[in-house]
Amino acid sequence: MIIDLDGRSYVDPVSGKNYVVRHMTLQDVDQVVELEKRLFTPPWSRASFLAELDERPYSLSLVAMDEQTLIGYMVVYFIFEEAHLANLAVAPEYQHRGLGEHLLRLLFRMARETHCQTLLLEVRRSNAKAIRLYEKMGFAHTGVRRKYYEDGEDALLMCKTLVEEKN
Ligand SMILES: CC(C)(COP(=O)(O)OP(=O)(O)OC[C@H]1O[C@@H](n2cnc3c(N)ncnc32)[C@H](O)[C@@H]1OP(=O)(O)O)[C@@H](O)C(=O)NCCC(=O)NCCS
16 MIIDLDGRSY VDPVSGKNYV VRHMTLQDVD QVVELEKRLF TPPWSRASFL AELDERPYSL
76 SLVAMDEQTL IGYMVVYFIF EEAHLANLAV APEYQHRGLG EHLLRLLFRM ARETHCQTLL
136 LEVRRSNAKA IRLYEKMGFA HTGVRRKYYE DGEDALLMCK TLVEEKN
C-alpha cells in the first residue's frame, strides 16, 4: 500500500538532524530484520517482512532513516474502517526522543486520509514503555487477549477512535 508521505520528516530534538520517514523497500529488509531481532523476542522473520512488502495490499510499512541507517519502522494494516498497528519499533539509541510519537501521529493522519475511524493494537502486558506511549497518544484499554504470545504472555488490546480529533 502506497501513501503520499511528502513532508513527513522528523527533526530530532537532541541532534537537530532531519530524519526521513518513507516507505519500506526490499533494500531495507536486512536492517529491519537486524533491528527487529534486537527489540523483539521472538522477532518477526525476514519472510514476514517480505510478505508485508510483496503480498499484502492492505499493509503499509514505513521506515525512519538517519541518512542510510534505519532508526525505526512501523507496519500498519488498513482494513476497511480499521487500522491495525501490527509493528512499531525505534532503535534503542534513538528511543525516548519523540520518534515513536511522531510515527503514531503519522499513523493518525494516514488513517484519517484513508477514512479509518478506529485504530487497534496489541501490546505485551509487560511492555510498560509502549503502553505509556499508547496511553499518552490517546489509546484506551479495551480488553485482554489471554496467552496471546507464544511464550504465554497476555496481550492488552488498545483502541483509539479518530472521529472529531485534532491531533
Ligand atoms: C515503544 C517505542 C516504540 C517508543 O518509541 P520512542 O521513540 O522511544 O517513544 P517516544 O520518544 O516518542 O516517547 C513517547 C512516550 O513513550 C513513553 N516512553 C518512551 N520511552 C520511555 C521510557 N524509556 N520509559 C518510560 N516511558 C517511555 C513515554 O510516555 C513517552 O512520553 P514522554 O516523553 O512525554 O514521557 C520504543 O521504546 C521501542 O521501539 N520499544 C521496543 C519495541 C516495542 O516495544 N514496540 C512496541 C510493540 S507494541
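Residues 16 to 182 in the working numbering are what the sequence shown lists, from first letter to last.
Backbone N, C-alpha and C fix where the C-beta goes; we use that ideal spot for every residue, glycine too.
It should be emphasised that the depicted structure is a prediction, and the values quoted were computed from it without experimental measurement.
CA-to-CA distance, residue j to residue i, given in whole angstroms
| i | j | result |
| --- | --- | --- |
| Tyr73 | Val29 | 35 Å |
| Phe55 | Val178 | 32 Å |
| Arg127 | Leu75 | 14 Å |
| Phe154 | Leu172 | 10 Å |
| His111 | Thr40 | 26 Å |
| Thr176 | Glu165 | 29 Å |
| Ile146 | Arg140 | 8 Å |
| Ala106 | Met125 | 23 Å |
| Arg53 | Lys144 | 16 Å |
| Glu49 | Gly87 | 11 Å |
Simplified DSSP state of residue i, which is helix, strand or coil
| i | result |
| --- | --- |
| Ser63 | helix |
| Glu137 | strand |
| Tyr164 | coil |
| Val105 | strand |
| Glu70 | coil |
| Glu51 | helix |
| Val44 | helix |
| Val29 | coil |
| Thr157 | strand |
Same chain only: Cβ atoms within 7 Å of residue i, ignoring 5 sequence neighbours per side
| i | result |
| --- | --- |
| Asp43 | Val78 and Leu85 |
| Arg160 | Glu137, Asp169, Ala170 and Leu172 |
| His156 | Leu171 and Met173 |
| Gln46 | Leu85 |
| Gly113 | Pro28 |
For residue i, the first and last residue of its enclosing beta strand (DSSP E)
| i | result |
| --- | --- |
| Tyr109 | That residue, Tyr109, is in no beta strand (DSSP E); it is neither H nor E in DSSP. |
| Leu171 | Ala170 to Thr176 |
| Asp81 | Ser74 to Asp81 |
| Leu85 | Thr84 to Ile94 |
Nonlocal neighbours in the same chain, by C-beta distance under 6 Å from residue i, ignoring five residues either side
| i | result |
| --- | --- |
| Asn102 | Val90 |
| His99 | Tyr92 and Leu135 |
| Ile94 | Tyr73 |
| Gly158 | Leu172 |
Range covered by the alpha helix (DSSP H) that runs through residue i
| i | result |
| --- | --- |
| His117 | Leu114 to Glu128 |
| Lys144 | Ala143 to Lys151 |
Close-in-space but distant-in-sequence residues of the same chain around residue i (CB under 8 Å, 5 per side omitted)
| i | result |
| --- | --- |
| Lys162 | Glu168 and Asp169 |
| Ala116 | Ala is not the amino acid found at residue 116; the sequence shown has Glu there. Leu148, Lys151 and Met152, listed in sequence order. |
| Thr133 | Glu96, Glu97, Ala98, Cys174, Lys175, Thr176 and Leu177 |
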